[in-house]
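**Q** Protein chains in written order, with our numbering: chain A, 1 to 523; chain B, 1001 to 1218.
All C-beta atoms in this analysis are idealised placements derived from N, C-alpha and C, irrespective of residue type, glycine included.
These numbers were taken from a predicted model, which means no experiment stands behind them.
(1) From residue 46(A) to residue 89(A), what distance separates their C-alpha atoms?
(2) Is the Cβ of residue 252(A) closer than 9 Å to any Cβ of chain B?
(3) Using only the alpha-carbon positions, how far apart do residue 56(A) and residue 39(A) sit?
(4) Using a beta-carbon distance below 9 Å, is residue 431(A) in contact with chain B?
(5) Spatial neighbours of residue 134(A) within its chain, please: C-beta separation below 6 Å, excluding the five flanking residues on both sides.
(6) Once DSSP output is grouped into helix, strand and coil, what is the label at residue 57(A)?
(7) So that I know if they touch, is there some Cβ in chain A lying closer than 9 Å to that of residue 1049(B)?
(8) Answer yes if the region 269-286 of chain A comes into contact with the region 109-119 of chain A, meaning at least three C-beta pairs across the two stretches below 8 Å, and no otherwise.
(9) What residues in its chain sit with their C-beta under 8 Å from that of residue 221(A), if we drop five residues either side in the sequence?
(10) May I ask you to report which of helix, strand or coil DSSP gives residue 481(A)?
(11) Is residue 72(A) near residue 320(A), with beta carbons less than 9 Å apart?
(12) Using a Cβ cut-off of 9 Å (strictly closer), state whether residue 230(A) contacts chain B.
(13) Is DSSP giving residue 133(A) helix, strand or coil here?
(14) Hey, could you find the ends of the beta strand (DSSP E) residue 1168(B) is sitting in?
(15) State the DSSP-derived secondary structure class of residue 1027(B), mapped to helix, strand or coil.
(16) So, with DSSP's three-state summary, where would you put residue 1119(B)?
(17) So does the region 420-432 of chain A actually touch the region 480-490 of chain A, counting three or more Cβ pairs closer than 8 Å?
(18) Let me know the secondary structure DSSP gives residue 49(A) once reduced to three states.
(19) For the structure I just gave you, are there three or more beta carbon pairs, one from the region 454-468 of chain A and one from the region 477-486 of chain A, closer than 8 Å?
(20) Does DSSP put residue 461(A) in a helix, a strand or coil?
(21) Where DSSP assigns a beta bridge to residue 270(A), which residues make up the other side?
(22) Do you know how far the Cα of residue 244(A) is from the Cα of residue 385(A)?
(23) Taking residue 187(A) as the reference, give the member of 203(A), 266(A) and 212(A) with the closest Cα.
(24) First and last residue of the alpha helix (DSSP H) that includes residue 355(A)?
(25) Within the same chain, show all residues whose beta-carbon is closer than 7 Å to that of residue 78(A), passing over the 5 residues directly before and after it, in chain order.
(26) Which runs of the alpha helix (DSSP H), 4 residues or longer, sit entirely within the region 192-250 of chain A?
(27) Where does residue 1171(B) fall in DSSP's three states?
(28) Could you run through the region 71-83 of chain A and flag, in chain order, every residue whose CB is less than 9 Å away from some CB of chain B?
(29) Can you find at least 3 beta carbon pairs, one from the region 459-468 of chain A and one from the region 428-447 of chain A, that sit closer than 8 Å?
(30) Looking at the C-beta of residue 233(A), does it have a partner C-beta in chain B at a distance below 9 Å?
(31) What residues from the region 1175-1199 of chain B come within 7 Å of chain A, judged by C-beta to C-beta, listed N to C?
(32) Between the region 93-105 of chain A and the region 301-317 of chain A, can you find at least three pairs of beta-carbon atoms closer than 8 Å?
(33) Return the chain-ordered list of same chain residues with a C-beta closer than 8 Å to the C-beta of residue 143(A), the five sequence neighbours on each side being excluded.
(34) Does any CB atom of chain A fall closer than 9 Å to the CB of residue 1170(B)?
(35) Do you know whose CA, among 1134(B), 1137(B), 1049(B) and 1177(B), lies nearest residue 231(A)'s CA?
(36) So, with DSSP's three-state summary, where would you put residue 468(A)?
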């Protein structure tokens, strides 16, 4: 945010930080078991879990990114909220109940139910860790990028400190409270998010006498694009590759949500499959309500602040809601929205860190390294150490990678989840001939394909906005690999299962027999 | 071949099935034990029995297949010697199943050990059939909502002029479809909640279908 603009009220902001710290003490665990640490003993109420699940999905990208994109690109930005809303249907229909009833804690547990434990636990653990790290880095980088926007000149040079502070808080939350703390902070954030988002939307609509038509007209005028602002074409232009890129991103958003480890983990925190379904239903309804508010905020920002001012302040539009809040309610409202943004990031990174720590301790250490012989106490200790390790690694990477584009990292996390995790998950739940080899091919293949395609894309080289703008090895034209890597993940899973050879399914259905094995042995 | 384990403390009463006893009345656990890879001449711990039953349950997948293979096994006895072995194994399976049912009378996570018979399991399979129908209708109603999303994405890329057509004031086809999409998602989720309450939830609580119990580690 520009220096001459309204900045956040620092004392209020610090009071908020102290409150966040006290929340940790409140969320201390009660019994100290792995089940409590990972999934709160599976005893959450569906409504409570639904609110927390909604909080898990709503990252800073939803609060700041989506309205920002709408403020910059108008109609094209609204498409970014449709995919995540529709993805709840995919989760409800294909994943929620089946996943809940057939898993213990992690994606690896679900796969190992029918397949060989060690290879699938390792593969699922690696994919989970990568997705979580990408997601964590994106959130922390995004938070630090907002620092100057929120604190004004006082925030200059504090970006790294904000990343480190958030990282330390999230580690503290998870190490001390596990899922209980993650749920608590997620609930607080979700309530604040819906309440704050709706209140801000009402304030915006009040400016236009609660007349949506007047808001849209003012947005079109404020954008500088006129009527084109409300029609497709501003974001992706006319290029064929850009349009394919848009489709690829939509596909990754639609499918990838069903493979995000922190969402899947939260599905296990209720006691019954129908409870899991009801959780997702609550989360979906809240998502729709919030996205309706986000659309109002996006067009409101274009109408009240103006697209040019927003783009000048932050080319990605992430500060649009902050500018809007400052314009409507001055310093106090800006501070409240800033607190909301930080709570949002903190809650999401806490949930993601927990998912990564669980996968590291349960899948990789518990199931792969110790072959399931580790005691509960030992695994709990390793999970806490893993939370520190994952949190520290993500924080350090976020400090070093602060120049990375946030939407690139989020898109990559969704694409990897959609390509590596979703195919194996769906095959394991719906295809009885799925084998261990199919699972490992699908996970490693989807993971390598998506990462390799991103490395060869214009995001990394060959364009002025690339990570390495001075070199050019971008042979893959799309920025989001989903369009190719998601089908590749499914194809590899199928090929690995149907090709001849040792497919490695532990419980392959026995060939039809007319007498039991024991009887045959007796004779 | 299998390790010899200590004999169960409470030895159940021997139960010799008659040749004509309807296999449908045999407990599901007995059927699974009969078709398992266990040797009925040996003794096994409860965990080994439980594991073998679970493995067999997962291998066959559904009660219909179990019924077919169980009947074939019982009637496949050609010689007198084989018929005696079949009878002996069935008696062993019934005895162990009765003992397990006595030890775990209401263990919901082990429906095979709670006295469910093969015929009840087959009835549950019928309920599963109804459930599949309910799920199919959920998929069919979700298809238009997901289809609308794909339509919006495609039209936004290929038919910008159509999306820009005005509907009312500044509201155009594209914005209207976006709004309809969000409302359709909310409406479908609401419908799905009611649909599951009325068509699915009651049936999944019926015996024999809740085999996916949660066994948490301490």
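**A** Reading it off the structure:
(1) For the purposes of this step, residue 46(A) is identified with residue 46 of the first chain, where counting begins at 1. For the purposes of this step, residue 89(A) is identified with residue 89 of the first chain, where counting begins at 1. Approximately 17 Å between the Cα atoms of the pair.
(2) Numbered from its first residue, the first chain carries residue 252(A) at position 252. Residue 252(A) does not count as touching chain B.
(3) For the purposes of this step, residue 56(A) is taken as the residue at position 56 of the first chain. For the purposes of this step, residue 39(A) is taken as the residue at position 39 of the first chain. When rounded, the distance between both Cα atoms is 14 Å.
(4) Here residue 431(A) corresponds to residue number 431 of the first chain, with the count starting at 1. No, its Cβ sits nowhere closer than 9 Å to a Cβ of chain B.
(5) By one-based count along the first chain, residue 134(A) stands at place 134. The answer, listed in chain order, is 409, 412 and 413.
(6) In the first chain, the residue the question calls residue 57(A) occupies position 57. In the structure shown, residue 57(A) sits in a helix (DSSP, three-state: H, G or I).
(7) Stepping through the second chain from its first residue, residue 1049(B) is reached at position 49. No, residue 1049(B) does not count as interfacial toward chain A.
(8) no
(9) Position 221 of the first chain, counting from 1, holds the residue named residue 221(A). The answer, listed in chain order, is 303.
(10) The sequence position of residue 481(A) within the first chain is 481, counting from 1. Of the three classes helix, strand and coil, the one that applies to residue 481(A) here is coil, per DSSP.
(11) For the purposes of this step, residue 72(A) is identified with residue 72 of the first chain, where counting begins at 1. For the purposes of this step, residue 320(A) is identified with residue 320 of the first chain, where counting begins at 1. Yes, these two residues count as a Cβ contact at 9 Å.
(12) By 1-based counting over the first chain, the position of residue 230(A) is 230. By this cut-off, residue 230(A) is an interface position.
(13) Sequence index remark: in the first chain, residue 133(A) carries index 133 (1-based). In the structure shown, residue 133(A) sits in a helix (DSSP, three-state: H, G or I).
(14) Locating residue 1168(B) in the second chain gives position 168, where the first residue counts as 1. From DSSP, the beta strand (DSSP E) with residue 1168(B) extends over 1166-1168.
(15) Numbered from 1 along the second chain, position 27 holds the residue referred to as residue 1027(B). Strand.
(16) Mapped onto the second chain, residue 1119(B) falls at position 119. Helix at residue 1119(B).
(17) yes
(18) By 1-based counting over the first chain, the position of residue 49(A) is 49. Helix.
(19) yes
(20) Counted from its first residue, the first chain places residue 461(A) at position 461. It is a strand residue.
(21) Residue mapping note: residue 270(A) aligns to position 270 of the first chain, counting from 1. DSSP output for residue 270(A) lists 44(A) as bridge partner(s).
(22) Numbered from 1 along the first chain, position 385 holds the residue referred to as residue 385(A). Numbered from 1 along the first chain, position 244 holds the residue referred to as residue 244(A). So the alpha carbons of these two residues sit roughly 42 Å apart.
(23) By 1-based counting over the first chain, the position of residue 187(A) is 187. When only C-alpha atoms are compared, the closest one is 266(A).
(24) Here residue 355(A) is taken as the residue at index 355 of the first chain, counted from 1. Where residue 355(A) is concerned, the enclosing alpha helix (DSSP H) stretches over 320-358.
(25) As a working mapping, residue 78(A) is identified with position 78 in the first chain. Answer for residue 78(A): 70 and 295, listed in chain order.
(26) 212-223
(27) As a first step, residue 1171(B) must be located in the second chain, where it is residue number 171. Residue state, collapsed to three classes: strand.
(28) 75, 76, 78, 79, 81, 82 and 83
(29) no
(30) The count along the first chain starts at 1 and reaches residue 233(A) at position 233. So yes, residue 233(A) belongs to the interface.
(31) 1175, 1178, 1181, 1182, 1185, 1186, 1188, 1189, 1192, 1193 and 1196
(32) no
(33) As a working mapping, residue 143(A) is identified with position 143 in the first chain. Closer than 8 Å at Cβ, skipping near neighbours: 60, 162, 163, 166, 341, 342 and 345.
(34) Counted from its first residue, the second chain places residue 1170(B) at position 170. With 9 Å as the cut-off, residue 1170(B) counts as an interface residue toward chain A.
(35) In the first chain, the residue the question calls residue 231(A) occupies position 231. Among 1134(B), 1137(B), 1049(B) and 1177(B), the Cα nearest to that of residue 231(A) is on 1177(B).
(36) Here residue 468(A) corresponds to residue number 468 of the first chain, with the count starting at 1. DSSP places residue 468(A) in strand when its eight states are reduced to three.
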